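A.B. asks: Under our numbering, the residues of the sequence shown are numbered 148 to 497, in order. My questions all concern the structure below.
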Amino acid sequence: MIIRTRAPVRIDFAGGWSDVALFTEESKGQVINGTINRYAYTTLVCESQTEFPESVELQRVLDKKISIYSADFDMFVEAEDVRQLEYDGNIDLVKAAVRQMSIQIGSFDLITQSNAPPGSGLGTSAAMGVALIGVLGAIKDVTYLPYQYAELASRIERYELGILGGKQDHYGSAVGGINFMEFQGEDVTTSPIKLPPQIQYELEKNLVLCYTGQSRLSGDIHKNVTQAYKSGEPSVRAALDNLKAIAESTKTALMRGRLTDFGELLTENWQNQQKLHPSVSNEQIDKLFKIANEQGAIGGKACGAGGGGCLLFYCQPTREHNVRKKLEEAGTQIIDFNFDFEGLQIWRSD
């Protein structure tokens, strides 16, 4: 039996950080994001031998029951049962999902891969978590609602692995589409934003997403911002309030088709992101923003926690090709995309 899943990564347009649990305990967070056609994939094979890449020198030991291979990190793990899957910094997310889902089905092979760069700020790990819950739930013959996939994936990261972060990535990946989300404590509300086709096409054409080539550890940045927040720094608290208000304004701009306003709000969001902690930006990111603005970007921001990963720019309709060209010449990788409106998908394969 072969079961596969895919879950899309997301681009956060506005309000990021306000979905983090620490902040939502005191006030409501607001975020707007959209999922794109870059995915985390999983394949689960029961009671069969799996063809792994030649780079992994596998001599399957007959008494081993669990085989996990991460194509992204070219890493392989074997264990006799789930109790032997210890957290050691090597593909711990996959191990945690298998353990928390209490998989007891005998021998199986599990393969994970993603076509979005790791550490990109696109919520890749959350998408992988959602994809893992999807495939492991399917092998147990359990079907969840989208919010349940999101909650289970979020809980594995936060409570099992102690990873700081919010829930917007998990909900976006499970639900799909462009959504306005509200966070109050543990409660999450998602409201889809239905764009007319011409507005969606304009967004897809004029948005430029680039990977800086510099992976970052979002946990380190989250730790810095959390410490600043707990110490009561007024600038940090004011920036968080501004980010929530910008998310509301971004929702309005999209629903009314005001894409120039949308682009300018990306920059306003980025300005407030940088007020959270100096580590959110760096010299390379500042240089790339200067290049994009000179070539015709109306506005832009770093994706996710910042500090590296991907940058997003909304460009003047006749100049996005100039922005792409100059960013590529500066050493970045342009990531072409369209929006994904399906969210998590689960299917069986021959």
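We put the CB at the ideal spot given by N, CA and C, even for glycine. Please read all numbers here as calculations on a predicted model, not as lab measurements.
Tell me which same chain residues have a C-beta within less than 6 Å of the C-beta of residue 154, skipping the five on either side of it?
C.D. replies: Cβ within range, chain order: 187, 274, 277, 278, 320 and 491.
A.B. asks: Note down, one range per segment and in chain order, each beta strand (DSSP E) of at least 3 residues found wholly within the region 260-334.
C.D. replies: If we require 3 residues or more, the beta strand (DSSP E) runs fully inside the region 260-334 come out as 325-331.
A.B. asks: Please tell me whether residue 272 and residue 213 are closer than 9 Å, where the distance is taken between their beta carbons.
C.D. replies: Against a cut-off of 9 Å, the Cβ pair of residue 213 and residue 272 comes out as no contact.
A.B. asks: Reducing DSSP to helix, strand and coil, say where residue 231 ends up.
C.D. replies: DSSP places residue 231 in helix when its eight states are reduced to three.
A.B. asks: How many Å lie between residue 179 and residue 286 at the Cα?
C.D. replies: Whole-angstrom Cα-Cα distance: 33 Å.
A.B. asks: Which same chain residues, not among the five before or five after residue 384, have their C-beta less than 8 Å away from its C-beta?
C.D. replies: 376, listed in sequence order.
A.B. asks: Which residues bound the beta strand (DSSP E) around residue 494?
C.D. replies: Counting along the chain, the beta strand (DSSP E) containing residue 494 begins and ends at 492-496.
A.B. asks: Confirm, please, whether the CB-CB distance from residue 356 to residue 234 is below 9 Å.
C.D. replies: The answer is no: Cβ separation not under 9 Å.
A.B. asks: Measure the CB-CB distance between residue 448 and residue 435 and report whether it falls below 9 Å.
C.D. replies: In this structure, residue 435 does not lie closer than 9 Å to residue 448 by Cβ.
A.B. asks: Just verifying my parser: in three-state terms, what is the DSSP assignment at residue 238?
C.D. replies: Note: residue 238 maps to coil in three-state DSSP.
A.B. asks: Rounded to whole angstroms, how far is the Cβ of residue 401 from the Cβ of residue 340, which I believe are closer than 8 Å?
C.D. replies: About 6 Å; that satisfies the 8 Å criterion.
A.B. asks: Can you tell me whether residue 434 is helix, strand or coil according to DSSP?
C.D. replies: Correct three-state label for residue 434: helix.
A.B. asks: Quick one: is residue 191 buried, meaning 16 or more other Cβ sit within 10 Å of its Cβ, or exposed?
C.D. replies: Result: buried.
A.B. asks: Counting contacts by CB-CB distance shorter than 9 Å, is residue 272 in contact with chain C?
C.D. replies: No chain C appears in the structure shown, which is made up of a single protein chain.
A.B. asks: Does DSSP put residue 423 in a helix, a strand or coil?
C.D. replies: Here residue 423 sits in coil by DSSP.
A.B. asks: Among 484, 265, 399 and 329, which has the Cα closest to the Cα of residue 360?
C.D. replies: Considering only alpha carbons, the answer is 265.
A.B. asks: Helix or strand or just coil, what does DSSP make of residue 485?
C.D. replies: Coil, per DSSP.
A.B. asks: Can we say the region 158-165 touches the region 289-305, given the rule of at least three CB pairs closer than 8 Å?
C.D. replies: Contact fails: fewer than three Cβ-Cβ distances are below 8 Å.
A.B. asks: Using DSSP bridges, identify the partner residues of residue 222.
C.D. replies: Looking at the DSSP assignment, residue 222 forms a beta bridge with 217.
A.B. asks: Spatial neighbours of residue 477 within its chain, please: C-beta separation below 8 Å, excluding the five flanking residues on both sides.
C.D. replies: Closer than 8 Å at the Cβ level, and outside the excluded window around residue 477, lie 434, 435 and 438.
A.B. asks: Looking at the structure shown, is residue 354 part of a helix, part of a strand, or coil, going by DSSP?
C.D. replies: Three-state DSSP puts residue 354 in a strand.
A.B. asks: Below 8 Å on the Cβ atoms is my guess for residue 169 versus residue 336; work out the distance and round it to an integer in Å.
C.D. replies: Actually they do not touch by this definition, with Cβ atoms about 19 Å apart.
A.B. asks: Starting from the C-beta of residue 422, find all residues in its chain whose C-beta is less than 6 Å away, skip the five residues before and the five after it, and write them out in chain order.
C.D. replies: The answer, listed in chain order, is 382 and 386.
A.B. asks: Below 9 Å between beta carbons: does that hold for residue 431 and residue 175?
C.D. replies: Contact: no.
A.B. asks: From the DSSP output, in three-state form, read off residue 175 for me.
C.D. replies: Here residue 175 sits in coil by DSSP.
A.B. asks: In angstroms with no decimal places, state the Cα-to-Cα distance between residue 281 and residue 290.
C.D. replies: Looking at the two C-alpha atoms, the distance is approximately 8 Å.
A.B. asks: Whose CA, out of 149, 347, 177 and 294, lies closest to the CA of residue 254?
C.D. replies: Among 149, 347, 177 and 294, the Cα nearest to that of residue 254 is on 149.
A.B. asks: Where does residue 375 sit, in a helix, a strand or coil, going by DSSP?
C.D. replies: Helix, per DSSP.
A.B. asks: Which same chain residues end up closer than 6 Å to residue 182 when comparing Cβ atoms and leaving out the 5 residues on each side of it in sequence?
C.D. replies: These residues qualify, in order along the chain: 155, 157, 319, 323 and 487.
A.B. asks: Residues bridged to residue 448 by DSSP?
C.D. replies: Looking at the DSSP assignment, residue 448 forms a beta bridge with 459.
A.B. asks: Ordered along the chain, which non-local residues of its own chain (more than five positions away) have a Cβ less than 6 Å from that of residue 195?
C.D. replies: Reliability fails at residue 195, whose pLDDT of 48 lies under 50, so the model's placement of it is uncertain and no value is given.
A.B. asks: With residue 383 as the anchor, note down where its alpha helix (DSSP H) starts and where it stops.
C.D. replies: 381-402 is the span of the alpha helix (DSSP H), which, as asked, contains residue 383.
A.B. asks: If you measure between the beta carbons of residue 446 and residue 465, is that distance less than 9 Å?
C.D. replies: No; because the gap between Cβ atoms is not below 9 Å, this pair is not in contact.
A.B. asks: Which of the three DSSP states is assigned to residue 410 in this structure?
C.D. replies: In this structure, residue 410 counts as helix in the three-state DSSP scheme.
A.B. asks: For residue 326, collect the residues of the same chain with a Cβ closer than 6 Å to its Cβ; drop the 5 residues on either side in sequence, then sort them by chain order.
C.D. replies: Excluding positions up to five away in sequence, the list reads 337 and 339.
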